[in-house]
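So the protein lines, in turn, are chains G and Y.
First residue of the first sequence: 0, per numbering that gives the first Met the number 0; consecutive thereafter.
First residue of the second sequence: 0, per numbering that gives the first Met the number 0; consecutive thereafter.
Working notes, structure below.
There are 2 protein chains.
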Amino acid sequence: MPKAKGHPTMLDVAREAGVALGTVSKVVNRQPVGEDYKRKVEQAILKLGYQYNSSGRVLRTDRTDTVALIIPNTINPYFAKLVHYINIALERRDKKTLLCFTDYDKNRELEFIRMARENQVDGIIALTYNAELVIPEDIAFVTIDRFFSVSVPCIASDNFGGGWLAAHRLYDLGCRRLAFMRIGSSLSNEPSKRKEGFVAACVELDVPFELKILEDNAPFGEFEAFLSSHIQNGRLDFDGLFCGTDMLAWQMIQVLKGKGIRVPEDVQVIGFDGIRMFGTLDYTVSTIIQPVQEIAETAVSTVLSSHLSTVPSLICLPVQYAAGGTTRD
Amino acid sequence: MPKAKGHPTMLDVAREAGVALGTVSKVVNRQPVGEDYKRKVEQAILKLGYQYNSSGRVLRTDRTDTVALIIPNTINPYFAKLVHYINIALERRDKKTLLCFTDYDKNRELEFIRMARENQVDGIIALTYNAELVIPEDIAFVTIDRFFSVSVPCIASDNFGGGWLAAHRLYDLGCRRLAFMRIGSSLSNEPSKRKEGFVAACVELDVPFELKILEDNAPFGEFEAFLSSHIQNGRLDFDGLFCGTDMLAWQMIQVLKGKGIRVPEDVQVIGFDGIRMFGTLDYTVSTIIQPVQEIAETAVSTVLSSHLSTVPSLICLPVQYAAGGTTRD
DNA sequence: TTGTATGCGTTATCAG
DNA sequence: CTGATAACGCATACAA
Numbered sequence: 000m001p002k003a004k005g006h007p008t009m010l011d012v013a014r015e016a017g018v019a020l021g022t023v024s025k026v027v028n029r030q031p032v033g034e035d036y037k038r039k040v041e042q043a044i045l046k047l048g049y050q051y052n053s054s055g056r057v058l059r060t061d062r063t064d065t066v067a068l069i070i071p072n073t074i075n076p077y078f079a080k081l082v083h084y085i086n087i088a089l090e091r092r093d094k095k096t097l098l099c100f101t102d103y104d105k106n107r108e109l110e111f112i113r114m115a116r117e118n119q120v121d122g123i124i125a126l127t128y129n130a131e132l133v134i135p136e137d138i139a140f141v142t143i144d145r146f147f148s149v150s151v152p153c154i155a156s157d158n159f160g161g162g163w164l165a166a167h168r169l170y171d172l173g174c175r176r177l178a179f180m181r182i183g184s185s186l187s188n189e190p191s192k193r194k195e196g197f198v199a200a201c202v203e204l205d206v207p208f209e210l211k212i213l214e215d216n217a218p219f220g221e222f223e224a225f226l227s228s229h230i231q232n233g234r235l236d237f238d239g240l241f242c243g244t245d246m247l248a249w250q251m252i253q254v255l256k257g258k259g260i261r262v263p264e265d266v267q268v269i270g271f272d273g274i275r276m277f278g279t280l281d282y283t284v285s286t287i288i289q290p291v292q293e294i295a296e297t298a299v300s301t302v303l304s305s306h307l308s309t310v311p312s313l314i315c316l317p318v319q320y321a322a323g324g325t326t327r328d
Numbered sequence: 000m001p002k003a004k005g006h007p008t009m010l011d012v013a014r015e016a017g018v019a020l021g022t023v024s025k026v027v028n029r030q031p032v033g034e035d036y037k038r039k040v041e042q043a044i045l046k047l048g049y050q051y052n053s054s055g056r057v058l059r060t061d062r063t064d065t066v067a068l069i070i071p072n073t074i075n076p077y078f079a080k081l082v083h084y085i086n087i088a089l090e091r092r093d094k095k096t097l098l099c100f101t102d103y104d105k106n107r108e109l110e111f112i113r114m115a116r117e118n119q120v121d122g123i124i125a126l127t128y129n130a131e132l133v134i135p136e137d138i139a140f141v142t143i144d145r146f147f148s149v150s151v152p153c154i155a156s157d158n159f160g161g162g163w164l165a166a167h168r169l170y171d172l173g174c175r176r177l178a179f180m181r182i183g184s185s186l187s188n189e190p191s192k193r194k195e196g197f198v199a200a201c202v203e204l205d206v207p208f209e210l211k212i213l214e215d216n217a218p219f220g221e222f223e224a225f226l227s228s229h230i231q232n233g234r235l236d237f238d239g240l241f242c243g244t245d246m247l248a249w250q251m252i253q254v255l256k257g258k259g260i261r262v263p264e265d266v267q268v269i270g271f272d273g274i275r276m277f278g279t280l281d282y283t284v285s286t287i288i289q290p291v292q293e294i295a296e297t298a299v300s301t302v303l304s305s306h307l308s309t310v311p312s313l314i315c316l317p318v319q320y321a322a323g324g325t326t327r328d
């Protein structure tokens, strides 16, 4: 009979079944046990309404089967998708997800890492823009989109290839003068290679191009000014625009429309990310699709196997183009 | 000196500092301790690189400071927003979020609840469409958008009021014949009250209206057929449309455009949820905004205080209208 | 105040 | 294959 207070434990079950504590543990963990014993234990479990309590095992084994996911937020649809597929991938491996939104706050990131270690997580997957982040060596750590060092595996899209693809696509669609726009951290992270790939392709194709890159805190109006400066007599002087993200592409399209420039008739626009309306409907703009599911899957399998220390330090996964109404294909 | 294997524990710190184990515990937990002792302990912690390990406390106190969040996915922007604000609200109270995506799978829901209890979570917040779900009585449980019983607090928007508001708004904007469309579970959950509020307002305003409600598995084409059947000579025979969600509103607008009906010139459309482009830009359609942040805040404070058993069983939070380009305001 | 000792629920070892 | 018992790291009641 269980003690008055609290739930029954394995010991209670053992007493009820008339077997030893260890036997109960084995039954619960599906280890080989005599048929008779197994049945007796199972009956006792049912009778007492025993519920397994993992905190004992955590203390004993240091295994929580939990992975911490550190990401800015889930409002941004790209992050939301990432969180979704990472959780699914962990779920499939019987791991739990401890979720941490940083809102780009450096202190919060540090606090979360501390907390995660305190909770003995089996690993950490982080998407962070914190340049100064010091990554603990004694815990499995995998980053997304941001390379820290060879000892910390980083998973990302083929951002360079995506930029290259965008330029080529615009060229193939008839554009002969291109522009690239982006906003965001001056940090040299993987997504910044989108520009490099774009520029490389432009040079390769021998097509003239413009670049407009804003810092995080720059006033948005600078983009408008940039566009205005390229409009002469109501005509834009470039006919292909590649934006660092779908969101920026969308915003720029609104600005262009406000200035009487038609998309895709006057200028064709390609974004990056592969965001869909409401997550599942049409693409918001023509775009370079990030393989979010593959990124998630790779991050998870990497973080769970990273004790092997034979994992590559940077994994780039292939992107893909999709038309979304802002190009003439 | 810590034992060769593993990290140093409080006992190691105590030995290093020349104090008792209990004293270390008190310093770590910020309980009153003599200045000298405190300093000695802190130095020892630094010297050994001691890291607090919560698994001991969990076993000892049964407190994990963790809440499980069970939700279909994070692809749907409404869910994504909810996850975001719930995590933030928990964070602010120094609680951790254990994330579980069900993808509408009933077995997964049950599995997650079992897992959550196994992990001794302090409470569960669930958004579920499972009608048969049996909610454990011995754990703090709060639902969102779905009322189960008076002993399980449910947090939701004022869905009835939202439907009422939508009809009134359309009327005020000049509409004189209305329609309502919705798709989804036949389950009698809180969101289904959107229709009731809409109907009540139509009756009150003495304005004629149509209803088109599809089951989850119904072919989408039925909506198109419905719209087609209301088009005579290229003109729609109603001038105001209220949809159960922003997503449906968006889809219907595409269908209408395909049939040559202009929005908002020929028909004004209002959705429900308050979804914005990319989470932060313009509203996707004119809409009834759900107070997601308040829902999150309320769910969290309720689940954390639900041992008081004085909490109300249904809390409806006020909604609000916002123009989003699909109405003539 | 500080120190000591016990127990939380489980796993794992080792002797029957 | 089973039974007894010792950890695991921490909190806390109780003794000093």
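Even for Gly, the Cβ is constructed at its ideal location relative to N, Cα and C.
List the residues of chain G whose Cβ lies closer than 8 Å to the Cβ of residue i, in chain order.
{"i": "residue 117 of chain Y", "result": "50, 51, 52 and 53"}
{"i": "residue 274 of chain Y", "result": "277"}
{"i": "residue 250 of chain Y", "result": "280"}
From residue i to residue j, what distance separates their C-alpha atoms?
{"i": "residue 232 of chain Y", "j": "residue 266 of chain Y", "result": "15 Å"}
{"i": "residue 3 of chain Y", "j": "residue 11 of chain Y", "result": "Caution is warranted here: a pLDDT of 42 is assigned to residue 3 of chain Y, below 50, making its placement in the model unreliable, and no coordinate value can be reported."}
{"i": "residue 161 of chain G", "j": "residue 86 of chain Y", "result": "33 Å"}
{"i": "residue 319 of chain G", "j": "residue 102 of chain G", "result": "29 Å"}
{"i": "residue 135 of chain G", "j": "residue 257 of chain G", "result": "49 Å"}
{"i": "residue 143 of chain G", "j": "residue 96 of chain Y", "result": "21 Å"}
{"i": "residue 113 of chain G", "j": "residue 58 of chain G", "result": "18 Å"}
{"i": "residue 5 of chain Y", "j": "residue 45 of chain Y", "result": "17 Å"}
{"i": "residue 1 of chain Y", "j": "residue 8 of chain Y", "result": "Residue placement at residue 1 of chain Y is flagged as unreliable, the pLDDT there being 36, under the threshold of 50; the coordinate-derived value follows with that caveat. So the two alpha carbons sit approximately 8 Å from each other."}
{"i": "residue 186 of chain Y", "j": "residue 131 of chain Y", "result": "10 Å"}
{"i": "residue 264 of chain Y", "j": "residue 177 of chain Y", "result": "15 Å"}
Where does residue i sit, in a helix, a strand or coil, going by DSSP?
{"i": "residue 201 of chain G", "result": "helix"}
{"i": "residue 77 of chain Y", "result": "helix"}
{"i": "residue 320 of chain G", "result": "strand"}
{"i": "residue 110 of chain G", "result": "helix"}
{"i": "residue 280 of chain G", "result": "coil"}
{"i": "residue 1 of chain Y", "result": "Bear in mind that the predicted position of residue 1 of chain Y carries a pLDDT of just 36, short of 50, making it too unreliable to give a figure here."}
{"i": "residue 292 of chain G", "result": "helix"}
{"i": "residue 95 of chain G", "result": "strand"}
{"i": "residue 328 of chain G", "result": "coil"}
{"i": "residue 19 of chain Y", "result": "coil"}
{"i": "residue 147 of chain G", "result": "coil"}
{"i": "residue 115 of chain Y", "result": "helix"}
{"i": "residue 286 of chain G", "result": "strand"}
{"i": "residue 186 of chain Y", "result": "coil"}
Check the Cβ of residue i against every Cβ in chain Y and list those closer than 7 Å, keeping chain order.
{"i": "residue 79 of chain G", "result": "73, 74 and 79"}
{"i": "residue 86 of chain G", "result": "98 and 100"}
{"i": "residue 278 of chain G", "result": "74, 75 and 76"}
{"i": "residue 254 of chain G", "result": "What residue 254 of chain G touches in chain Y: nothing, since even the nearest Cβ is about 12 Å away."}
{"i": "residue 126 of chain G", "result": "Residues of chain Y passing the Cβ test: none, with the nearest at roughly 14 Å."}
In terms of alpha-carbon separation, which member of the options lies closest to residue i?
{"i": "residue 290 of chain Y", "options": "Y:71, Y:261, Y:100 and Y:80", "result": "Y:80"}
{"i": "residue 119 of chain G", "options": "G:262, G:63, G:73 and G:264", "result": "G:63"}
{"i": "residue 295 of chain G", "options": "G:141, G:163, G:324 and G:213", "result": "G:141"}
{"i": "residue 137 of chain G", "options": "G:147, G:129, G:123 and G:131", "result": "G:123"}
{"i": "residue 172 of chain Y", "options": "Y:238, Y:131 and Y:154", "result": "Y:238"}
{"i": "residue 277 of chain G", "options": "Y:68, Y:77 and Y:55", "result": "Y:77"}
{"i": "residue 202 of chain G", "options": "G:60, G:264 and G:175", "result": "G:175"}
{"i": "residue 269 of chain G", "options": "G:323, G:61, G:310 and G:316", "result": "G:323"}
{"i": "residue 14 of chain G", "options": "G:31, G:30 and G:49", "result": "G:49"}
{"i": "residue 254 of chain G", "options": "G:225, G:273 and G:281", "result": "G:225"}
{"i": "residue 250 of chain Y", "options": "Y:275, Y:284, Y:234 and Y:217", "result": "Y:284"}
What does residue i reach in chain G if we use C-beta pairs closer than 7 Å?
{"i": "residue 246 of chain Y", "result": "277"}
{"i": "residue 83 of chain Y", "result": "72, 73, 74 and 100"}
{"i": "residue 109 of chain Y", "result": "Correct list: empty, because the minimum Cβ distance to chain G is about 14 Å."}
{"i": "residue 58 of chain Y", "result": "54, 55 and 58"}
Could you tell me which chain Y residues have their CB closer than 8 Å to the CB of residue i, listed as they occur along the chain?
{"i": "residue 167 of chain G", "result": "The contacting residues do not exist; residue 167 of chain G stays about 26 Å from chain Y at best."}
Find the residues of chain Y that neighbour residue i, judging by a C-beta separation of less than 9 Å, and give them in chain order.
{"i": "residue 334 of chain G", "result": "Any answer about residue 334 of chain G is impossible in this case: the structure gives chain G only from 0 up to 328."}
Alpha helix (DSSP H) runs wholly inside the segment 220-262 of chain G, at least 4 long, in chain order: 220-228 and 245-257
Entirely within the segment 31-78 of chain G and at least 4 residues each: give me those alpha helix (DSSP H) ranges in chain order. 34-47 and 53-60
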